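Just so you know, we're using the working numbering here: the sequence shown kicks off at 6 and counts up by one.
Cβ atoms here follow ideal geometry from the backbone N, Cα and C, with glycine treated the same way.
Because the structure is a prediction, the values reported are computed rather than measured.
Structure, as structure tokens:
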Amino acid sequence: MTAPDVAAPFVFEPAEGVLRRGTHYNIAHLLYQARDRLTPEQTGGPEAVDLDVVYLVACYHLARCQHLPEERKTWDYHTMVFLLGVVHALRPDAVPQPLRDAFAQDPPKVAPPYEIVHAVGIALLLASVPAEDQAGVTLATLLIMWARDEARGRESEPSVTFNLGTAMAALADFDGDDVPVGTRSAALHLMREALAMLPPGDPARQEMMTLLMRTQAKAPPAPVAEGTGAAEVAHYMRDGNTERLNTLVDRLRRAVDASETGEAERGHRRIELGQALRMRFEVEGELADLDGSITELTETLTGPLGDEERAAAFSFLGLAHLDRYVSSGDLADLEAATAAVRHPYPAHLAASRTHARRLTNLAAVLTARFDAYGDDAELDEAVDHLQYAVAATPPAQHDRPVMLIKLAVALRKRGVHTTRDADLDAAASLLRQVAGDPSDTGPNQQLARLELGHLLSTRGRSRRAVADLVEAVAQYRTTALAPTQDVRTRLHCAALWGLTCARLKDLDQARAAFGVALADLLPKLTGRALGRESQETRLREVASLANVAAAVELTAGRPREALIRLEQGRGVLLAQALRLRSRHDDLVAASPRLAERYEQVCADLVARQRSPEQRKASAAEFDQVVREIRALRGFGHFHRPPDWARLSEAAALGPVAVINVSPLRCDALLLHRRSGRGAVEVLPLPGVTADEIARRADAFQAAVTKLATPGTTGGERYVIDREVKRTLRWLGDEIVKPVLARLGLGSPVEPGALPPRLWWCPTGVLSLLPLHAALLEGEGRPGSVYAHDCVVSSYVPTLGSLLHARDTPAPDAGRTSLVAVAVDAGDGHSPLAALAQELSATEELTGHRTELRDTAATPEAVLAALRTHTHAHLACHGVRDPAAPSHSRLLLHGGHVTLRELAAERLRDAELAYLSACHSAAPGHELADEVISVASAFQLCGYRQVVGSLWTVDDTMGPLLAREVYRLLAAPDSPGAAHALHRAVGTLREHPHYREPLFWASVIHSGP
6 MTAPDVAAPF VFEPAEGVLR RGTHYNIAHL LYQARDRLTP EQTGGPEAVD LDVVYLVACY
66 HLARCQHLPE ERKTWDYHTM VFLLGVVHAL RPDAVPQPLR DAFAQDPPKV APPYEIVHAV
126 GIALLLASVP AEDQAGVTLA TLLIMWARDE ARGRESEPSV TFNLGTAMAA LADFDGDDVP
186 VGTRSAALHL MREALAMLPP GDPARQEMMT LLMRTQAKAP PAPVAEGTGA AEVAHYMRDG
246 NTERLNTLVD RLRRAVDASE TGEAERGHRR IELGQALRMR FEVEGELADL DGSITELTET
306 LTGPLGDEER AAAFSFLGLA HLDRYVSSGD LADLEAATAA VRHPYPAHLA ASRTHARRLT
366 NLAAVLTARF DAYGDDAELD EAVDHLQYAV AATPPAQHDR PVMLIKLAVA LRKRGVHTTR
426 DADLDAAASL LRQVAGDPSD TGPNQQLARL ELGHLLSTRG RSRRAVADLV EAVAQYRTTA
486 LAPTQDVRTR LHCAALWGLT CARLKDLDQA RAAFGVALAD LLPKLTGRAL GRESQETRLR
546 EVASLANVAA AVELTAGRPR EALIRLEQGR GVLLAQALRL RSRHDDLVAA SPRLAERYEQ
606 VCADLVARQR SPEQRKASAA EFDQVVREIR ALRGFGHFHR PPDWARLSEA AALGPVAVIN
666 VSPLRCDALL LHRRSGRGAV EVLPLPGVTA DEIARRADAF QAAVTKLATP GTTGGERYVI
726 DREVKRTLRW LGDEIVKPVL ARLGLGSPVE PGALPPRLWW CPTGVLSLLP LHAALLEGEG
786 RPGSVYAHDC VVSSYVPTLG SLLHARDTPA PDAGRTSLVA VAVDAGDGHS PLAALAQELS
846 ATEELTGHRT ELRDTAATPE AVLAALRTHT HAHLACHGVR DPAAPSHSRL LLHGGHVTLR
906 ELAAERLRDA ELAYLSACHS AAPGHELADE VISVASAFQL CGYRQVVGSL WTVDDTMGPL
966 LAREVYRLLA APDSPGAAHA LHRAVGTLRE HPHYREPLFW ASVIHSGP
């Protein structure tokens, strides 16, 4: 160490000697041998430090710094500084210039031994890898391994651990017999462990993840034994064959139920079953599968599980609750999902190969939370977790595409939220990577194209980039037309394909897209194998699809096709159910055997409390029977949706006004007879928008609710009444008056004359507003003219339902029978004080009569009575659930009758149901185009005609109106239920207490 400025070892040697591989190896090996004698703190004093080795190695790396290019000398420089720092602490005069002077002015801290050894190992590794020097890589690994053991619990532990993983991965690349088995797996484990130590946002994470991804690219996916649950899931995620899931679910259920299955094995199988049920729910939509998934996973977590399995069960449970949240919109489900995916687990699991999946599931919940709450930090966390998951997962692993898609979705959301173009472009790149070629039709490729189309459409609109929109169309079209079983994704793509083409003014392609969506895919989305609630859940995802499709047809000048699109996409469940209740005397004559099979399978499909498996079997049998019937001569159109020729028959007894409300345009489609043939006229409604109707419907509902609330002051009533009248006048000016004028029905009918009929078929939330009470002239004072003064209004959910009612023969007049139900069981509702008068009013109708009063009016008794009477009058409380209309119900003694219970009935001789119950005719805001209400449920179970109320009716008004209706129906020259209600309302309008539309406009007629 004398004369360091002229005789320091290596410093004055030529490059070829310094950079020789053998020299580097030998120097590093010297230091490895002296690793326990590098600093005074390590040895307990300066005397025990192997200063000669320290000095020699320091000079060697100083010499390397002199000969290496700038970009390759970083770790040699660190090594030199660390070691010369030790030399400076013990023999400052031995440090070569100019470092000696620099150290004198700013003395370096003596680095810990593990930092020195780590630096020596990294420098050797970086020199040995490109030279393919296995001995050098092996020694570098040993150096870093020792450093890592010494660095535990210290600040640099993550970086040293990661670098050890990098060294072991380099060693695994040699793939020789002398490389231990499992070296690469151990390397990846260390890299994951290191990343788990770093907090989100740490600047070192991104470079580490890049290196991890490169390492993973060389690693095969984790081996999965064929025939196992994991193997079946992997195959399904590649080919999308749902039969794999069905087979897997059956097999896992048998394993779980088998008595010979051990407790540990049963827990494992239940976790797999929960996962398989959730996946099947996502593709088929059966809510019973989702409930089963949550049950299996929740119950499994109460038993003995290993750390890895417990973490997996919580993670999968979080996904199941997330699916339930997406289906229900209930934030409690989102919070349950959050609690599950954030459930703590042992720290060592952060380094396991399954940690990436758990982080992916956590990120999915965080992304949903961002949508719900708008917390930027949660979205950033989701992106960070997904970037790690992608880096830590082998490229060939079956679920890596899912991670890429979720990362792309999170980046898109962040890019839109922050207007960060880099995020949008990165997301597009990831989705293209997964989407592959158009011929790739696996579920991941399909989903990637859906998301890519969504991103391109969003980016195209924000940047006004037509090329993006055109490419979005191509992605949507490819996915919609792919011959796969993922109907949900295909339908979404078909709808977006049509909507994007409409924006691009490509009407022909838009029409084709909506044809695929409504004629082909929508019936499959809501197949008969699904339970009613499951069908409704799926329909919520495609709300207003038919309205937009009809608007496109109208823009293209095709009003007949517009009506067909509305029939295809509105009242889907109603149409499906009515077909199961149709009479087919011609089939009985043609093939009694097929008619009997058809009747039986229809009864099976309508029946309540059937398991998903039973429904699937019945649905398959139904499809088979229908195919056989269609093979009969003259039955080719059996059970097909109505075409124009059939729909035109709806105007046989009077015009029908179909009011189409869509974001694109609003129109009245006027179906009437012209020269003895059906015709449809289009009446544009330029002053009407979907947003305006939604706003007015909300305001109107709030107003009539407030007016019917006890305690509302006179001043409040005056203000709210003016709001009601303004809405009725708006309806008159913008919709009803133009319709009546076009049909030649705009003048009030002369006293004593029979008013003409008009059927209204409103769409969307317009069905919550009383078109029959639209104010045509005046401000609502006496002498004002309402639509009621010009026409007898009836409402129909769809043209198909009107045709079905007309096709159903009315009971013989001499067989009229009435069940009158009167019960006040309204827990917390205002008392019904006029039940006795209501029952008395029903006595006006002649024929057999049965009363069910108070305690006799149980749900079971009422349903039984409906089956044996042609007419039904129900005076009771009704409960409406606007967000979940199928949960609406009639309150009876000891229970209630729900819409789903009514829908399970098949009444053959039902004629008129008079529902003297609040909101019985009001559909929900959700699924407004399914027109789900108590009144429609009565139509569904067989009643040709229904009288119901749109809002709360006055308790004392009910008997007056009912008595007049039944008196008119009992008359020898009875004009029928619609005219009877119309006249009764006219009489009611003359009553000093009920002349305001708040009272008389609430009650409507639906039927032929």
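Separation of residue j from residue i, as counted between CA atoms
i: A260; j: A124; result: 54 Å
i: L712; j: R533; result: 42 Å
i: L250; j: V238; result: 7 Å
i: R731; j: R786; result: 12 Å
i: F108; j: A13; result: 17 Å
i: A236; j: P228; result: 9 Å
i: L578; j: A779; result: 30 Å
i: V91; j: G158; result: 23 Å
i: V370; j: P660; result: 51 Å
i: Q438; j: E212; result: 21 Å
i: T875; j: T863; result: 19 Å
i: I698; j: E728; result: 14 Å
i: E969; j: V478; result: 58 Å
i: A580; j: A415; result: 39 Å
i: T166; j: W80; result: 16 Å
i: L89; j: V59; result: 8 Å
Residues of its chain near residue i, where Cβ-Cβ distance is below 6 Å and the 5 sequence neighbours each way are ignored
i: A702; result: V770, L773 and L774
i: R858; result: A827
i: A877; result: V824, L871 and A918
i: H83; result: A124
i: V693; result: C671 and E739
i: F943; result: A918 and V951
Cβ-based neighbour list, residue i, same chain, cut-off 7 Å, excluding 5 preceding and 5 following
i: R189; result: A174, A177 and A224
i: E782; result: S789 and V790
i: H240; result: R249
i: T483; result: P443 and R454
i: L409; result: V395, L435, Q438 and V439
Rounded Cβ spacing between residue i and residue j (contact assumed at less than 8 Å)
i: G458; j: Y481; result: 5 Å
i: A940; j: L920; result: 6 Å
i: F627; j: L610; result: 6 Å
i: A622; j: S667; result: Rounded, the Cβ-Cβ distance is 39 Å, inconsistent with contact.
i: L808; j: A908; result: With 8 Å as the limit, L808 and A908 do not qualify as a contact, their Cβ atoms being about 19 Å apart.
i: G503; j: A524; result: At roughly 12 Å, the Cβ-Cβ gap does not stay under 8 Å, so G503 and A524 are not in contact.
i: H29; j: L130; result: About 11 Å separates the two Cβ atoms, so there is no contact after all.
Three-state class that DSSP yields for residue i in the structure shown
i: W649; result: helix
i: T903; result: strand
i: W765; result: strand
i: L857; result: strand
i: C671; result: strand
i: I937; result: coil
i: L780; result: strand
i: A877; result: strand
i: P9; result: helix
i: R533; result: coil
Spatially closest choice to residue i from the options, by CA coordinates
i: K510; options: Y60, V186, E558 and T372; result: E558
i: N31; options: A145, P45, Y393 and A318; result: A145
i: L895; options: D829, R543 and Q842; result: D829
i: D817; options: Q605, E916, S444 and A440; result: E916
i: T4; options: R493, V631 and A561; result: Beyond the ends of the chain as shown, which are 6 and 1013, falls residue 4; an answer cannot be given.
i: A140; options: P112, R537 and A172; result: A172
i: H644; options: A487, T300, I634 and V553; result: I634
i: T215; options: H273, D389, P715 and L364; result: D389
i: L945; options: H422, R905, R722 and T372; result: R905
i: I1009; options: R811, A909, R42 and L955; result: L955
i: W1005; options: M962, P208, R679 and A982; result: M962
C-beta neighbour in chain D for residue i, strict 7 Å
i: S1007; result: Although the question refers to chain D, the structure presented lacks it and comprises just one protein chain.
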